[in-house]
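Novice: Numbered as in the working numbering, the sequence shown ends at 395 without a single skipped number. For glycine and all other residues, C-beta sits at the position ideal for the given N, C-alpha and C.
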Amino acid sequence: MSITRHIPNAITLVNLFSGSIAAIFAVQGDLVMAAIFVALGIFFDFFDGLAARLLNVKSELGLQLDSLADMVTSGLVPGIVMFQLFRQALPGAAAQSTDWTAGHDLMEWNFPALALLGLLVTLASGYRLAKFNIDERQTDSFIGLPTPANALLILSLPLILIFQPQPFLVDIILNPWFLAILTLFSCFMLNAEVPLFALKFSSWGFAENKIRYLFLIFCVVLLILLQFAAIPVIILSYVVISMITNKNDDERLVERT
139 MSITRHIPNA ITLVNLFSGS IAAIFAVQGD LVMAAIFVAL GIFFDFFDGL
189 AARLLNVKSE LGLQLDSLAD MVTSGLVPGI VMFQLFRQAL PGAAAQSTDW
239 TAGHDLMEWN FPALALLGLL VTLASGYRLA KFNIDERQTD SFIGLPTPAN
289 ALLILSLPLI LIFQPQPFLV DIILNPWFLA ILTLFSCFML NAEVPLFALK
339 FSSWGFAENK IRYLFLIFCV VLLILLQFAA IPVIILSYVV ISMITNKNDD
389 ERLVERT
């Protein structure tokens, strides 16, 4: 039995391990370390698919395992992070205890119940990943926002609060209405019937990958200029560029027919 067939699954398990560590940090409120391990998990998520293609060892097991790992790294953790942001933004946050032993009464919660809205992100991610596994259309592109992109969008918020705490950004991010709207937007985009281009390269030629190369250059420039604040801009730009590209492709197809 060739050991190479197990390499992609081993990489996927490292993604799951990273996501599990991120979940622990997120529950403890250390959102910087949570973001680091989510980014590490997403890194391995990219390379497990690449390894499977290079080794030509794609399997149904690998597909299912990949989605299970993504459910933790890019589904559970963003939901917990959004919960923590709600918890900080809602009234009375300063008085809430983070002690693990607090709340011995079963009906006594040490967080505002509305903070549980953040977990809608986890539910929507799980639904998207289940659909992805049975959707044969998503081979060369995505339909709806991929869970790793959504995870990066949400994990960027605490990083902005910590490393770029400009008053106007803090006021926006810690506004409960903003968090509620972003949560609903996230849930919608994860499952929307909106085609989005994939950043997977089947070849390295510029002509067939022009939009991918230009988008990556755009991302690098934004990250240099805006740092963590660039991530929400990049994700929104990704959606808008995909929609414009798809519209242009549809118009060209109509002209040919």
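1. Can you pull the DSSP bridge partners for L334?
2. Measure the C-alpha to C-alpha separation of D168 and I379 and round it to an integer number of angstroms.
3. Between which two residues does the alpha helix (DSSP H) harbouring I141 extend?
4. Starting from K348, trace the alpha helix (DSSP H) in both directions and tell me its first and last residue.
5. Going by alpha carbons, who is nearest to L188 out of C357, V359, T150?
6. Kindly provide the ranges of any alpha helix (DSSP H) runs that are 4 or more residues long and lie completely inside the stretch 188 to 233, ordered along the chain.
7. Mapping DSSP to helix, strand and coil, what is N248?
8. At the level of alpha carbons, what is the spacing between K348 and L228?
9. In angstroms, rounded to a whole number, what distance separates the CA positions of V215 and F221?
Specialist: In this structure, then:
1. Here the question's residue 334 lines up with position 196 in the sequence shown. Beta-bridge pairing links L334 to F280.
2. In the sequence shown, the residue the question calls residue 168 occupies position 30. In the sequence shown, the residue the question calls residue 379 occupies position 241. Those two C-alpha atoms are separated by around 34 Å.
3. Against the sequence shown, residue 141 aligns to sequence position 3. Premise fails: I141 is in no alpha helix (DSSP H) and is neither H nor E.
4. Looking up residue 348 in the sequence shown gives position 210. Here the alpha helix (DSSP H) through K348 covers 348 to 364.
5. Within the sequence shown, numbered from 1, the residue matching residue 188 stands at position 50. Residue T150 is the option with its Cα nearest to L188.
6. 198 to 209, 215 to 227
7. Within the sequence shown, the letter at position 110 stands for residue 248. The answer is coil: DSSP assigns N248 none of H, G, I, E or B.
8. Taking the first residue of the sequence shown as 1, we reach residue 348 at position 210. Taking the first residue of the sequence shown as 1, we reach residue 228 at position 90. The straight-line gap from Cα to Cα measures roughly 44 Å.
9. Within the sequence shown, the letter at position 77 stands for residue 215. Within the sequence shown, the letter at position 83 stands for residue 221. Going by the C-alpha atoms only, they are around 10 Å apart.
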